[in-house]
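Comments concern the structure below.
Here it is as C-alpha cells:
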C-alpha cells in the first residue's frame with residue numbers, strides 16, 4: 015500500500031510533485047483501511063541489493079519513499095485517507111541529492127509497479143526459496159550478458175588498435 019505524504023512545487027518548471035511512501039502492506043484481496051492494524055501503517059524499510067560482481071552482494075536499507083510527478087495515476091485504487099505523519103514523520107525535501115536530510119530519489123511516473131518493494135520484501139520473508147531462485151537466475155543472466163558485452167568491447171578495441179597500426183604502417 016502506498017501513501018501520499020505531501021504535494022510540493024519543484025524546479026524551474028514549477029511542476030507539482032508528490033512524496034509517496036510505501037508501507038509493508040500486501041494483500042491479495044480487496045481491503046479497506048479499517049482492516050489494517052496500526053502497526054502495518056509505517057514506511058517500509060527496504061533492503062536494496064546491489065551486486066557489483068557475481069560473488070559480492072551489497073545491501074543497503076532505506077526508507078521506501080520516492081518523489082513522483084503529480085500526474086494522473088490511472089489504474090491505482092484509492093482506498094481512503096490517513097494522516098501522513100503517522101506513516102513518515104521525518105523531513106521531506108524537494109532536493110534530489112539524497113545526502114540532504116529528507117531528500118529522496120525521484121521516480122519517473124506512478125504506474126502499476128507502485129509498491130512493488132512491499133511485494134519483494136514479503137517474498138523475501140514468506141517465499142524465500144522461490145524468490146532466491148528467481149534472483150539467482152536473473153543475476154546469472156545479467157552477468158553472462160555483461161561478460162559477453164565486455165568481451166565484445168575488448169575485441170572491438172583490439173580491432174581498432176590493429177587498424178590504426180596498419181594505417182600508420184601504410185602511410
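Numbering (the working numbering), first residue to last: 15 to 185. Yeah, the Cβ is synthetic: ideal placement off N, Cα and C, and Gly gets one too.
- So what's residue 44 in DSSP terms, helix, strand or just coil? coil
- Task: Starting from residue 33, follow the alpha helix (DSSP H) in both directions and report where the run begins and ends.
- Result: Counting along the chain, residue 33 falls outside any alpha helix (DSSP H), though it belongs to the beta strand (DSSP E) covering 29-36.
- Task: Please state if the CB of residue 108 and the CB of residue 22 are separated by a distance shorter than 9 Å.
- Result: yes
- Message: By the three-class DSSP mapping on this structure, what secondary structure does residue 157 have?
- Response: helix
- Counting only the same chain and skipping the five closest in sequence on each side, list residues whose C-beta sits under 8 Å from that of residue 46. 93, 94
- Item | Burial state of residue 66 (16 or more Cβ within 10 Å) | exposed
- Task: With distances taken Cα to Cα, identify the nearest neighbour of residue 42 among 170, 136, 159.
- Result: 136
- Task: Please check the pair residue 76 and residue 102, which I expect to be a contact at CB under 8 Å, by giving their CB distance rounded to whole angstroms.
- Result: About 12 Å; that fails the 8 Å criterion.
- Query: Taking all protein chains shown into account, do 16 or more other C-beta atoms lie within 10 angstroms of the C-beta of residue 38, making it buried, or fewer, making it exposed?
  - Reply: buried
- Message: Within 10 Å of its beta-carbon, does residue 15 have 16 or more other beta-carbons around it, so buried, or fewer, so exposed?
- Response: buried
- Query: Between residue 73 and residue 91, is the Cβ-Cβ spacing less than 9 Å?
  - Reply: no
- Query: Can you tell which of 31, 100, 35 has the C-alpha that lies nearest to the C-alpha of residue 51?
  - Reply: 100
- residue 117 in three-state terms, based on DSSP: coil
- Query: What are the boundary residues of the beta strand (DSSP E) that includes residue 61?
  - Reply: 59-67
- DSSP on residue 81, reduced to helix/strand/coil? strand
- Message: For residue 98 and residue 104, I'd like the C-alpha separation in whole angstroms.
- Response: 11 Å
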